[in-house]
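**Q**
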Amino acid sequence: MTVSQTTSLNSQDIHYLASENSVKLSILLPVRNEGANIPVTVKMLNLFVSCSQEIIIIYDFPEDNSVPVVNNLIKQYPNITLLQNTQGAGVLNAVRTGIRESHGKYILIYPADEILPIFAINDMILLLDEGCDFINCTRYSYGGKRLGGNLISGIISRLGNKTFTFLAGSDLSDATTGIKMFRKSVFPLFSFEFAPIGWAFAFEMSVKAQLLDLKLGEVPLTSIDRLIGGVSTQNFKKWFIQYFRLYMWGILKLRFRNRSNDVYKIIRRPYPKNNMEK
Numbered sequence: 004m005t006v007s008q009t010t011s012l013n014s015q016d017i018h019y020l021a022s023e024n025s026v027k028l029s030i031l032l033p034v035r036n037e038g039a040n041i042p043v044t045v046k047m048l049n050l051f052v053s054c055s056q057e058i059i060i061i062y063d064f065p066e067d068n069s070v071p072v073v074n075n076l077i078k079q080y081p082n083i084t085l086l087q088n089t090q091g092a093g094v095l096n097a098v099r100t101g102i103r104e105s106h107g108k109y110i111l112i113y114p115a116d117e118i119l120p121i122f123a124i125n126d127m128i129l130l131l132d133e134g135c136d137f138i139n140c141t142r143y144s145y146g147g148k149r150l151g152g153n154l155i156s157g158i159i160s161r162l163g164n165k166t167f168t169f170l171a172g173s174d175l176s177d178a179t180t181g182i183k184m185f186r187k188s189v190f191p192l193f194s195f196e197f198a199p200i201g202w203a204f205a206f207e208m209s210v211k212a213q214l215l216d217l218k219l220g221e222v223p224l225t226s227i228d229r230l231i232g233g234v235s236t237q238n239f240k241k242w243f244i245q246y247f248r249l250y251m252w253g254i255l256k257l258r259f260r261n262r263s264n265d266v267y268k269i270i271r272r273p274y275p276k277n278n279m280e281k
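Under my numbering, the very last position in the sequence shown is 281; numbers go up by exactly one each time.
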């Protein structure tokens, strides 16, 4: 929280400032013109996440329409921090900026326009509490679903993840999803080799987490993609080329590694402790 962004401190603010050092989860929301989506996402996160949390919203440019909306939300939610990305434009650099300013021992990377995956967050926290280092979400196994969105990109995503899991021998069934939770202490172990195009870094993290021999977990979620908008044809080509490079690199890296990871998966809710598999 930036004190200068509020006119006065109420008792709720004082309580938050006093407990900053005890924040368990830092939720990073990289944004680009998400002013229409942010209020609902912030409200849902505060309602349904079960542990102490801070919400760090990171933008690239001052003109982003998320900025005035978030400045108003800060008056209502003292656990919000608004940051400008100082590492260079893009989601990965926004994440780096957010982690640098975070207080939680757990980090969640979360897209600002997603609502339904919020219901998977407490299951992810549970797995970290039980000893995992890195938690992936899956739309394609254990009851996870992907709904809506562009038909072609949906087919590419599903087919790409299924074939990648098979060809690479990946422990994770949805390597490309951007929703990740991990211990803050493990992030410095990730050295990123690919250009930070969109959310492609999340795919690289899925591969690197296995190569680093981190203790992995996976939680199903339901994701609803946007029915309109999305990337332009030019950006889609750029995105596709980057993911294809990561796809081939990941297969080569994972196929011949020594498999020593056990993946813990929450199969269904609301009784995750009774539904864990090794």
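C-beta: ideal position from N, C-alpha, C; glycine also.
This one's a predicted model, so the numbers in the text were calculated from it and none came from an experiment.
1) Beta-carbon separation of I83 and I102 under 8 Å?
2) Under the assumption that T44 contacts I118 (Cβ atoms under 8 Å), give the Cβ distance between them as a whole number of angstroms.
3) Are there 16 or more other CB atoms within 10 angstroms of the CB of C3, so buried, or fewer, so exposed?
4) Could you work out which residue in I182, I244 and V189 is closest to L224 when comparing CA atoms only?
5) For the beta strand (DSSP E) that K148 lies in, which residues bound it at each end?
6) Between the alpha carbons of M127 and I138, how many angstroms are there, rounded?
7) At what residues does the alpha helix (DSSP H) containing I182 begin and finish?
8) Please return the same chain residues whose Cβ sits closer than 6 Å to the Cβ of A171, not counting the five positions on each side in sequence.
9) Output the distance between the C-alpha atoms of I75 and S25, rounded to the nearest integer angstrom.
10) Exposed or buried, which one is P191 when buried takes at least 16 other CB atoms within 10 Å?
11) Whose CA, out of R248, C135, K46 and F247, lies closest to the CA of D216?
12) Drop a sphere of 10 angstroms on the beta-carbon of I158, count the other beta-carbons inside from all chains shown, and report buried for 16 or more, exposed for fewer.
13) Mapping DSSP to helix, strand and coil, what is L111?
14) With respect to the beta strand (DSSP E) encompassing D228, which residues constitute its N-terminal and C-terminal limits?
15) Please report how far the alpha carbon of G93 lies from the alpha carbon of A198, in whole angstroms.
16) So, using beta-carbon positions, are Q87 and Y62 closer together than 8 Å?
17) Who does G220 pair with in a DSSP beta bridge?
18) What is the DSSP secondary structure of L129, counted as helix, strand or coil?
19) Return the Cβ separation of Y335 and L162 in integer angstroms, given the expectation that the two are a contact with Cβ distance under 8 Å.
20) Considering only the alpha carbon of each residue, which of K78, G220 and N96 lies closest to L31?
21) Report yes if the C-beta distance between I60 and S53 is below 8 Å; otherwise report no.
22) Rounded to a whole number of angstroms, what is the C-alpha to C-alpha distance between D174 and A212?
23) Give, in chain order, every unbroken run of the beta strand (DSSP E) that is at least 3 residues long and sits entirely within the region 76-100.
**A** In short, the structure shows the following:
1) no
2) 7 Å
3) As shown, the chain starts at 4 and ends at 281. That puts residue 3 outside it, with no answer to give.
4) I182
5) K148 to G151
6) 6 Å
7) Premise fails: I182 is in no alpha helix (DSSP H) and is neither H nor E.
8) G253, I254, L257 and R258
9) Note that residue 75 corresponds to Asn in the displayed sequence, not to Ile. The alpha-carbon atoms of N75 and S25 are separated by roughly 25 Å.
10) exposed
11) C135
12) exposed
13) strand
14) T225 to D228
15) 10 Å
16) yes
17) I138 and Y267
18) helix
19) Here the chain comprises residues numbered 4 to 281, so residue 335 is not present and cannot be evaluated.
20) N96
21) no
22) 10 Å
23) 83-87
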